[in-house]
Amino acid sequence: MITSRKQDIILAGVGGQGILSIAFVIDNAALREGFNVKQAEVHGMAQRGGAVQSHLRLSRDAIHSDLIPKGAADLVLSVEPLEALRYLDYLRPGGRVVSSSTPFINIPDYPKLEAVLGRIREIPGSLVLDSEALAKEAGTSKAQNTVILGAAASFLAVAEESLLEYIKVLFAPRGDKVLGANLRAFELGRKAAG
Amino acid sequence: MTKEILLGDEAAALGAVHAGLSSGYSYPGTPASEIMEYLIRISGGGTKFTADWSVNEKTAFEEALGASYAGQRALVSMKHVGLNVAADPFMSAALTGANGGLLAIVADDPGMHSSQNEQDSRFYAQFAQIPCFEPANHQEAYDMAREAYDLSERWGVPVMLRMVTRLSHSRGGVVTREGRPKNPIRLGDRTCWTLLPINARSRFQRLLDLQPEFGRYADASPFNSLDLNPGDRRLGIIASGIGVNYVRENIEGSAAAPSVLKIGTYPIPEGLVRRLVAHVETVLVIEEGAPLIERSLKGLFGIPGKTLTGKLSGHLPLAGELSPESVRKALALPALERMSCPEFELAGRPPQLCVGCPHADTFRALNEALKGRSGATVFSDIGCYTLGWFPPFNAIDTCVCMGASIGMAKGASEAGVHPAVAVIGDSTFGHSGITALLSAASFKARMVVVILDNCTVAMTGGQPSFATGDRLLRIIEGVGVPRDRIRVITPLPKFHEENVRILAEEIDAPGLSVIVAVRECLEEARKKAKR
Ligand code: SF4
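Those sequence lines, one after another, are chains E and G.
Note that our numbering has the first sequence beginning at 54, numbered continuously upward.
Note that our numbering has the second sequence beginning at 1259, numbered continuously upward.
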């Protein structure tokens, strides 16, 4: 966790990868800690396997725009490497990227993976991790979003306990197995971030 | 008083509920679907109030109008193009007026994230000469819904609440109030509600007579506010709805200190606009959607002695939605410093059919059945299957509006196109396809209609479809399609050859055929399995 009066985060991925679940957890954790929250999300057509992103804004002060201005984002969290690149122009100087290295290839012209990953690694302070392997280790490849959340935890303006609390709120209704896998996924992501 | 985090759509819906809502109706459509989804979720299974999906927006509007006639507070919600479908009752409801409060929540989709066009519903409110609210944030969406019901009942007119995608689909905090009780039943006056010319003329005059009052309200409304900077007369901004957020986002912490008129209700608050314009040299108008305010300020001759800027002047783009960046540029502020990133060629990632989607199998069969038939045209419609336009399918040639496929196929067939194929989903067929099929059957048009019955409204998240399964087959027969020309196929790879054969047979046959491809949407099946 870091201390900050405000934080602007772009969450990125492909429709169906659970971007909105990450948003739910950070949103509610932030609310619990007394932040104002705005979170713009994508519904409708793009959710069918298209590029999706969510603009998540936390602030101790009033938040005006639902969209993060280009050049204001502190963080880009992405469950997919190509999708991480799509939003780099939102980052402020000194902003950070936490991204999965696992490509989601559902388009014919997906660029060379090495080039994509290389490009992310050029960003100072960027973190690229194999979310698929870690999620599988945790028990389900579906928990890649939670791995990324865990990896980002130390860069977020909300406490880890708050995140964990809302991971429980989100996944407990889906049964102990799913919840357990997501708690492990969070932990593995956190450790992988070092 | 509690604070909740809600989608903009949900905030507006909850405002209506707390205002004493009795009945809500809607047809799904992005970005408005979440209004009814939420109402259904909190309706206690219909025990607290009625909240239901309708067959289309026109029906939904009329159902709400019936509840209003009965003295109840009623809501109808839809996406912008849905109001085209409901325009007939919408326009005349301005004359019947509302007995119980009647609120139409219409969500526009500037930028066409999930729509076939951009249109600005504020024009409809202006056209019908009824009041319109345009929230800037979640709290306003909630508060305005309540205020809208008060006005609707004070003046006896329907009121519009205009949402836009960015607010509909953004979450934010809302402080809620104590709810108030519903209205008792109190029937409308038959003279007001029977729009025979003799009654309609006096009802129209009444609407015209109310206009000055609407104007006075707008000038005094707490949702419109004028902030004049006495120390700087250079720039005045008129910003409506969420446009004002982008202004505040950009001028906060900058040296700019323009005067700002925030507009949240219509008709345009004339008095406030005059005061702002008198105070400044240059006026910049920032509004989400079409330049409605800007155009009315500009008129034919502009404002003598003042400079008027906005979308018409090219300071902001006419197409697409506003952004913090486009507004920043219009404010002549330097762009924010960004992390410097070398260019990288990004591949686009358009939406696509789910792997294993039944539509994919239908399209593969249809493509094969049409192979080598030059001039074959597939008129399609609105739903997940519109994604069949993309490779690898390239299976459809048109998508215009709900239900257009069948009428267009008939028109094209009569103009000499062969084969003319219409492809339409079950819910879209129920919405606007039935009447067109009645017409095609009556004229025995030479065409094939393929109805994709996936048992749900898939694109918008799986709302119930009313024209599915056995009822769908009975409707098709009922409008006059001969029984032996109604064929049912199962779009699965193992039936591919058979499906191609059936499609080809019907394409070659004279007159009208309907082929129903039945297989449940995978997303829906998955959801059911989870339950
Ligand atoms: S949601 Fe259903 S109908 Fe839509 S693409 Fe997926 S499987 Fe097909």
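For glycine and all other residues, C-beta sits at the position ideal for the given N, C-alpha and C.
Keep in mind it's a predicted model, so treat the numbers as computed, not measured.
Mind pulling the chain G residues with CB within less than 7 Å of residue i?
i: E/D127; result: Chain G residues near E/D127: none, gap ~11 Å exceeds 7 Å.
i: E/R172; result: F1602
i: E/P226; result: None at all; the shortest Cβ gap to chain G is about 10 Å.
i: E/Y219; result: Those within 7 Å of E/Y219 in chain G number zero; the least Cβ separation is about 12 Å.
i: E/G148; result: M1597
Which chain E residues sit within Cβ distance under 8 Å of residue i?
i: G/A1593; result: K123, G124
i: G/P1289; result: H96, G97
i: G/C1642; result: R101
Using the Cα positions of residue i and residue j, report the straight-line distance between them to the nearest angstrom.
i: G/H1573; j: G/T1693; result: 45 Å
i: G/P1677; j: G/A1667; result: 9 Å
i: E/R145; j: G/E1672; result: 59 Å
i: G/T1540; j: G/P1389; result: 28 Å
i: E/Y140; j: G/A1325; result: 47 Å
i: G/A1725; j: G/S1335; result: 21 Å
i: E/P177; j: E/G124; result: 16 Å
i: E/T155; j: G/Q1721; result: 33 Å
i: G/T1635; j: G/E1552; result: 42 Å
i: G/L1580; j: G/A1351; result: 32 Å
i: G/P1609; j: E/V67; result: 9 Å
i: G/I1733; j: G/F1701; result: 17 Å
i: E/D183; j: E/K165; result: 17 Å
i: G/A1386; j: G/N1712; result: 38 Å
i: G/W1647; j: G/V1772; result: 21 Å
i: E/E185; j: G/A1365; result: 38 Å
i: G/T1686; j: G/M1660; result: 6 Å
i: G/N1757; j: G/A1623; result: 6 Å
Residues of chain E with a CB under 7 Å from the CB of residue i: which are they?
i: G/R1607; result: V67, G103, A104, I160
i: G/C1659; result: Here the premise fails: no neighbours, minimum Cβ distance about 16 Å.
i: G/L1645; result: R101
i: G/I1263; result: D80, L84, V90
i: G/E1507; result: H117, S118, P122
Is it true that the CB of residue j sits closer than 8 Å to the CB of residue i?
i: E/H108; j: G/R1506; result: no
i: G/E1792; j: E/P122; result: Within the shown structure, residues of chain G are numbered from 1259 to 1789, placing residue 1792 of chain G beyond reach of any answer.
i: E/A245; j: E/S207; result: no
i: E/Q92; j: E/A65; result: no
i: G/T1748; j: G/V1776; result: yes
i: G/M1421; j: G/A1274; result: no
i: G/A1394; j: G/G1499; result: yes
i: G/S1568; j: G/P1549; result: Checking the displayed sequence, the identity of residue 1568 of chain G turns out to be Gly instead of Ser. In this structure, G/P1549 lies closer than 8 Å to G/G1568 by Cβ.
i: E/R58; j: E/R101; result: no
i: G/D1639; j: G/C1657; result: yes
i: G/F1319; j: G/S1281; result: no
Could you tell me which chain G residues have their CB closer than 8 Å to the CB of residue i, listed as they occur along the chain?
i: E/P134; result: What E/P134 touches in chain G: nothing, since even the nearest Cβ is about 11 Å away.
i: E/V197; result: Position check: residue 197 of chain E holds Gln in this sequence, whereas Val was assumed. Chain G residues near E/Q197: none, gap ~17 Å exceeds 8 Å.
Following a CB-centred definition, is residue i positioned closer than 7 Å to any heavy atom of the ligand SF4?
i: G/R1777; result: no
i: E/H96; result: no
i: G/E1595; result: no
i: E/N159; result: no
i: G/A1716; result: yes
i: G/R1474; result: no
i: G/E1603; result: no
i: G/E1295; result: no
i: G/L1453; result: no
i: G/G1615; result: Checking the displayed sequence, the identity of residue 1615 of chain G turns out to be Cys instead of Gly. G/C1615 Cβ: within cutoff of the ligand SF4.
i: G/L1611; result: yes
i: G/L1465; result: no
i: G/R1380; result: no
i: E/R139; result: no
i: G/C1657; result: no
i: G/A1780; result: Correcting the residue identity first, residue 1780 of chain G is Leu in this sequence and not Ala. Indeed, a heavy atom of the ligand SF4 lies less than 7 Å from the Cβ.
i: G/C1713; result: no
i: G/R1622; result: no
Interface residues of chain E around residue i at Cβ under 9 Å?
i: G/C1599; result: L138, L141, D142, L144, R172, E175, I176
i: G/L1611; result: R101, G102
i: G/S1584; result: Ordered by position in chain E, no residue passes the 9 Å Cβ test against G/S1584, which lies about 11 Å from the chain.
Using a Cβ-Cβ distance cut-off of 8 Å, determine whether residue i contacts chain A.
i: E/E94; result: No chain A is present in this structure, whose protein chains are E and G.
I want to verify the contact list: residues of chain G whose CB lies under 9 Å from the CB of residue i, in sequence order.
i: E/P164; result: F1602, E1603, L1604, A1605
Give, in chain order, every residue of the region 1713-1729 of chain G whose Cβ lies closer than 8 Å to some Cβ of chain E. Listed by position along the chain: M1717, T1718, G1719.
Against chain E, which members of the region 1485-1504 of chain G pass a CB distance test of less than 9 Å? Using a CB distance below 9 Å, the part of the region 1485-1504 of chain G facing chain E consists of I1500, V1502, N1503, Y1504, ordered along the chain.
By the 7 Å beta-carbon criterion, what residues does the region 70-88 of chain E contribute toward chain G? Per Cβ criterion, the list reads D80, L84.
What residues in the region 1418-1430 of chain G bring their beta carbon closer than 9 Å to a beta carbon of chain E? Correct list: T1423, R1424, L1425, S1426, H1427, S1428, R1429, G1430.
Residues of the region 1364-1383 of chain G in Cβ contact with chain E at a cutoff of 7 Å, in chain order, please. For the region 1364-1383 of chain G, which is checked against every Cβ of chain E, the residues closer than 7 Å are H1371, S1372.
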